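Sequence order for the protein chains is A and B.
So for the first sequence, the working numbering puts the first residue at 4; every next one is plus one.
So for the second sequence, the working numbering puts the first residue at 422; every next one is plus one.
Cβ atoms here follow ideal geometry from the backbone N, Cα and C, with glycine treated the same way.
No experiment lies behind these values; they were computed from the predicted model shown.
Quick notes on the structure that follows.
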Amino acid sequence: MAEEMQLTNTSANNFEQCLKCSICTVYCPVSAVNTAYPGPKQAGPDGERYRLKDPDFYQETLKLCLNCKRCEVACPSGVRIGDIIQQARMNHFTHRPKLRDVMLANTDFVGSMVTLVAPITNFTLGLKPVKVVMDAALAIDKHRTFPAYSGTKFERWYKKHAAAEQDTFAKHVSYFHGCYVNYNFPKLGQDLVKLMNAVGYGVRLLEKEKCCGVALMSNGLYKQARRQGETNMASMRLAIERGEEVLTTSSTCTFTMRDEYAHLLGIANDDVRAHLTLATRFLYRLIDEGSVQLAFRPDYKRRLAYHTACHMQRMGWAIYSIELLRMIPGLELDVLESQCCGIAGTYGFKKENYATSQAIGESLFQSIADANVEAVVTDCETCKWQIEMSTGVPVENPISVLADALDVEKTKKLNGL
Amino acid sequence: MRYDTVIMGGGLSGLMCGIALCKAGQRVAIVTSGQSSLHFNGGSLELLGYVDGQPVTHPLESINQLPAGHPYQKLGAERIAALAHEAALVLADAGLHTTGNANENHCRISPMGVMLPAWLTLEGYVALPMGKDCPWRRVLMVNVEGYLDFPVDFVVSGLRKQGLDVVVADVVTDELEQRRHTPSEMRATQLAKVLSTRVATEHLADAINVAAVDVDAILLPAIIGLTDDSLERLRQLVKLPLHLVATLPPSVAGTRMQAQLRHYFQMLGGTYLLGDTVTCASFNGDAVASVETEKLGDMPLRATHFVLATGSFMSKGLAANFERVYEPVMNLDVDADGSRSEWTRYDVLEPQPYMTYGVATTADFHVVKGGKPVPNVFAIGSVLSGHDAVKNHDGTGVSALTGLAVAHNILGK
Ligand SMILES: Cc1cc2nc3c(=O)[nH]c(=O)nc-3n(C[C@H](O)[C@H](O)[C@H](O)COP(=O)(O)OP(=O)(O)OC[C@H]3O[C@@H](n4cnc5c(N)ncnc54)[C@H](O)[C@@H]3O)c2cc1C
Ligand code: SF4
Ligand code: SF4
Ligand code: SF4
Numbered sequence: 004m005a006e007e008m009q010l011t012n013t014s015a016n017n018f019e020q021c022l023k024c025s026i027c028t029v030y031c032p033v034s035a036v037n038t039a040y041p042g043p044k045q046a047g048p049d050g051e052r053y054r055l056k057d058p059d060f061y062q063e064t065l066k067l068c069l070n071c072k073r074c075e076v077a078c079p080s081g082v083r084i085g086d087i088i089q090q091a092r093m094n095h096f097t098h099r100p101k102l103r104d105v106m107l108a109n110t111d112f113v114g115s116m117v118t119l120v121a122p123i124t125n126f127t128l129g130l131k132p133v134k135v136v137m138d139a140a141l142a143i144d145k146h147r148t149f150p151a152y153s154g155t156k157f158e159r160w161y162k163k164h165a166a167a168e169q170d171t172f173a174k175h176v177s178y179f180h181g182c183y184v185n186y187n188f189p190k191l192g193q194d195l196v197k198l199m200n201a202v203g204y205g206v207r208l209l210e211k212e213k214c215c216g217v218a219l220m221s222n223g224l225y226k227q228a229r230r231q232g233e234t235n236m237a238s239m240r241l242a243i244e245r246g247e248e249v250l251t252t253s254s255t256c257t258f259t260m261r262d263e264y265a266h267l268l269g270i271a272n273d274d275v276r277a278h279l280t281l282a283t284r285f286l287y288r289l290i291d292e293g294s295v296q297l298a299f300r301p302d303y304k305r306r307l308a309y310h311t312a313c314h315m316q317r318m319g320w321a322i323y324s325i326e327l328l329r330m331i332p333g334l335e336l337d338v339l340e341s342q343c344c345g346i347a348g349t350y351g352f353k354k355e356n357y358a359t360s361q362a363i364g365e366s367l368f369q370s371i372a373d374a375n376v377e378a379v380v381t382d383c384e385t386c387k388w389q390i391e392m393s394t395g396v397p398v399e400n401p402i403s404v405l406a407d408a409l410d411v412e413k414t415k416k417l418n419g420l
Numbered sequence: 422m423r424y425d426t427v428i429m430g431g432g433l434s435g436l437m438c439g440i441a442l443c444k445a446g447q448r449v450a451i452v453t454s455g456q457s458s459l460h461f462n463g464g465s466l467e468l469l470g471y472v473d474g475q476p477v478t479h480p481l482e483s484i485n486q487l488p489a490g491h492p493y494q495k496l497g498a499e500r501i502a503a504l505a506h507e508a509a510l511v512l513a514d515a516g517l518h519t520t521g522n523a524n525e526n527h528c529r530i531s532p533m534g535v536m537l538p539a540w541l542t543l544e545g546y547v548a549l550p551m552g553k554d555c556p557w558r559r560v561l562m563v564n565v566e567g568y569l570d571f572p573v574d575f576v577v578s579g580l581r582k583q584g585l586d587v588v589v590a591d592v593v594t595d596e597l598e599q600r601r602h603t604p605s606e607m608r609a610t611q612l613a614k615v616l617s618t619r620v621a622t623e624h625l626a627d628a629i630n631v632a633a634v635d636v637d638a639i640l641l642p643a644i645i646g647l648t649d650d651s652l653e654r655l656r657q658l659v660k661l662p663l664h665l666v667a668t669l670p671p672s673v674a675g676t677r678m679q680a681q682l683r684h685y686f687q688m689l690g691g692t693y694l695l696g697d698t699v700t701c702a703s704f705n706g707d708a709v710a711s712v713e714t715e716k717l718g719d720m721p722l723r724a725t726h727f728v729l730a731t732g733s734f735m736s737k738g739l740a741a742n743f744e745r746v747y748e749p750v751m752n753l754d755v756d757a758d759g760s761r762s763e764w765t766r767y768d769v770l771e772p773q774p775y776m777t778y779g780v781a782t783t784a785d786f787h788v789v790k791g792g793k794p795v796p797n798v799f800a801i802g803s804v805l806s807g808h809d810a811v812k813n814h815d816g817t818g819v820s821a822l823t824g825l826a827v828a829h830n831i832l833g834k
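So this is what it looks like as structure tokens:
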């Protein structure tokens, strides 16, 4: 009884659990480089007390928060500081989002449009005059390179080249590919299919997949994000009913759908959450249990560095990607100090954030340069854009690295195929 | 997921233990909910500072005056001397060079200006001989305008009590001014970040050099040297010996110690899972087979040995409700008074009984559950019962030494 009273006496985003130790401020990447930002403690639990009394205490500077959640990782009291800040933005920020923000937020809409005209778009988005116009008219920073749009959507490739074969497998998983795989980088999805097929799993797509909505949320388009979230959850339920786990290859999509849906959008996802997981975690489990084995190419030899993306750190799952990579005999892996790369989705694309974004990433870029590796491995696609643009070092997803190092025939044999 | 040892809690005790185990070739994982109480540390470790309210000069000689249940009594003076020596070497290997030794305490200055006995003090921080003459006659105390986590008046009055002549100078540089835009972020660690560039360090040195006239030494609040070598650079740039004085937390020294120890542990091959919480353990007979965490969910961490290093009440290693004091992960036996009215004393300045509460352990730090020792689980650091870090100033010493001692127990040495 006493226990229950103490446990249930917490508010939705538990701001009252804050002990005022200020440890969160030490680890906020924004506050470290931008003196205009009030910092996690002030923007989060401290400010919340005031905002509850009077909404006028809401500060515009809260939009400087990257939602990286590094403050939450550091907090010894388990305060959901990032959630408090995002919730405050949802509750108090009432302006209509700018055209630019709507454009950046609609990753799948914009994506579908441009896939039709990929070569032209890539060409135009890369063109200097176009960038200058985007910079001036839309406040999208001209230094940014847009992720290239691929000509063939992953979904199309899948239907044409993979779908039929998937039914021949005895076991199946479902795959939430996300907009990035669909429009920008179908190869990652193809790598996942290759890997799962080699260990005896057919890969299915969801009935209906919508962008997870992370960019919608960070740009203030909450209603649309909620609608898309409900669609995704409904599709995933169908897969789960068929007995399939739902796999992902992006840490941010995963984190958004597992945690932000419930915490920020009020979408009930308890039933889905346990079955929605990163492909690296799923695969690690199978290997750990001894139910599948991987064989790698004897001639594979590379030196790579692993970067822990913010939401990967928050989910606590980097260990699975790292341990899987360490299973590749020819791979020398340097695990970089876990720190923010500075881009945080669409944040770093905005002109007003460009300087902050690059200043945050500076020490990561330096450590990548010092590591002297062929490529960086990370589970987040926006980190990929940021690191590739800022260091020139190519970035790959762990699934692609595994697929590349895999000895497919030998792996199939080991798994009785 | 299988390890030789899984350590719950990644503060000073957990890291010390993990480092010693990794060095011996073990596969070790540390799971830790959040950052640790090291962040409150002012730059010194304390082995034993006070006994019965009296400052201790020779800690090893005073250990026998501690009560029977104190963790040090389980180790004995001889082992403490050896472990203390080892602890200083581990810190140095992690890049944390210190002055001091276990035979004789020195004095540090608290942020409130009080001289306190200390065992090891980080290089660059004030460490004065205890009970002997101060090496300086006249010092400059640098004050940073707008910085409120350093009550300069208290510190100055503390120094004057030592017979020192103190000059105070307000120092302003562009970088420090810029940080003032957000008063809530005018913190030691945030100042250290703006001071980390070469230019910012030079500006600070210039400003200090202007003020440092006719003094023997310069004292600066500890607002520099968070992750880089900016403190060393500053010390080279100023024309007189410069020493740091602890500020209110979160501290530059503590944050640095935490980062360096964690980094060293990872360099030795250790796995550090930050931001995850151990929720429960599965027993196989009397022994623990695995522990579950919030984030890893249904994929438990299995190990041969487990170490509980979850800290005291503030770190949630111990918890209390209206009825009892308990250990939240495994519901281990705790040493605590039964009735709630006995937990605290009305006068906050009196020693508080709850400070000595903690998990019960055997002579070699095995934890106890239902009256029976758990054969493969040990406890270390401030989750242990029998010591009061506020009264005895022995918190970091107990953490470092029990961490190393348990590593040796696990390794069978
Ligand atoms: C406010 C304060 C100020 C202090 N000031 C000083 C000082 O100035 N000088 C000095 O010498 N000593 C000081 N001490 C004492 C000293 O810091 C501690 O004794 C020592 O650092 C404790 O180390 P520890 O490793 O035992 O525990 P902690 O540092 O408390 O670390 C425990 C860690 O375990 C984690 N944890 C808890 N539960 C779980 C779980 N279920 N799963 C995973 N992780 C978990 C916590 O998040 C925490 O990171 C201070 C202590 C406090 C609380
Ligand atoms: S770290 Fe957590 S408890 Fe400490 S000030 Fe920040 S929110 Fe509060
Ligand atoms: S979520 Fe990231 S940017 Fe926002 S307050 Fe926390 S640490 Fe800072
Ligand atoms: S995180 Fe994934 S699903 Fe969400 S916007 Fe980005 S690519 Fe789309």
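Which bits of chain A does residue i rub up against, with CB to CB less than 8 Å?
i, result
"residue 599 of chain B", "38"
"residue 688 of chain B", "Near residue 688 of chain B there are no residues of chain A at all, since even the closest Cβ is about 10 Å away, more than 8 Å."
"residue 455 of chain B", "26, 76, 77, 78, 79, 80 and 81"
Tell me the DSSP secondary structure of residue i in three-state form.
i, result
"residue 400 of chain A", "coil"
"residue 632 of chain B", "helix"
"residue 245 of chain A", "coil"
"residue 624 of chain B", "helix"
"residue 96 of chain A", "coil"
"residue 762 of chain B", "helix"
"residue 331 of chain A", "coil"
"residue 381 of chain A", "coil"
"residue 195 of chain A", "helix"
"residue 59 of chain A", "helix"
"residue 423 of chain B", "strand"
"residue 736 of chain B", "coil"
Under 8 Å, do residue i and residue j count as touching if we go by C-beta distance?
i, j, result
"residue 730 of chain B", "residue 802 of chain B", "yes"
"residue 454 of chain B", "residue 737 of chain B", "yes"
"residue 246 of chain A", "residue 228 of chain A", "no"
"residue 77 of chain A", "residue 26 of chain A", "yes"
"residue 769 of chain B", "residue 702 of chain B", "no"
"residue 427 of chain B", "residue 712 of chain B", "yes"
"residue 464 of chain B", "residue 626 of chain B", "no"
"residue 719 of chain B", "residue 772 of chain B", "no"
"residue 526 of chain B", "residue 477 of chain B", "yes"
"residue 321 of chain A", "residue 311 of chain A", "yes"
"residue 34 of chain A", "residue 606 of chain B", "yes"
If you follow the beta strand (DSSP E) that residue i is in, where does it begin and where does it stop?
i, result
"residue 205 of chain A", "204 to 208"
"residue 713 of chain B", "708 to 714"
"residue 528 of chain B", "527 to 530"
"residue 808 of chain B", "No beta strand (DSSP E) holds residue 808 of chain B; DSSP gives it neither H nor E."
"residue 801 of chain B", "Residue 801 of chain B -> no beta strand (DSSP E), and no H or E assigned at all."
"residue 562 of chain B", "559 to 565"
How close, in whole Å, do the beta carbons of residue i and residue j come, if the pair is a contact with beta carbons under 8 Å?
i, j, result
"residue 196 of chain A", "residue 252 of chain A", "Residue 196 of chain A to residue 252 of chain A, Cβ: 11 Å. No contact."
"residue 824 of chain B", "residue 443 of chain B", "Contact doesn't hold; Cβ gap of about 13 Å is too wide."
I want to verify the contact list: residues of chain B whose CB lies under 7 Å from the CB of residue i, in sequence order.
i, result
"residue 322 of chain A", "692 and 694"
In chain A, which residues lie less than 7 Å from residue i when you measure between Cβ atoms?
i, result
"residue 439 of chain B", "None at all; the shortest Cβ gap to chain A is about 15 Å."
"residue 422 of chain B", "291"
So which residues of chain A does residue i contact, with C-beta pairs closer than 9 Å?
i, result
"residue 829 of chain B", "Under the 9 Å cutoff, chain A gives no residues; its nearest Cβ is about 27 Å from residue 829 of chain B."
In chain B, what lies closer than 9 Å to residue i by C-beta?
i, result
"residue 28 of chain A", "605, 606, 608, 610, 611 and 671"
With residue i as the anchor, note down where its alpha helix (DSSP H) starts and where it stops.
i, result
"residue 318 of chain A", "313 to 318"
"residue 373 of chain A", "357 to 374"
"residue 291 of chain A", "282 to 292"
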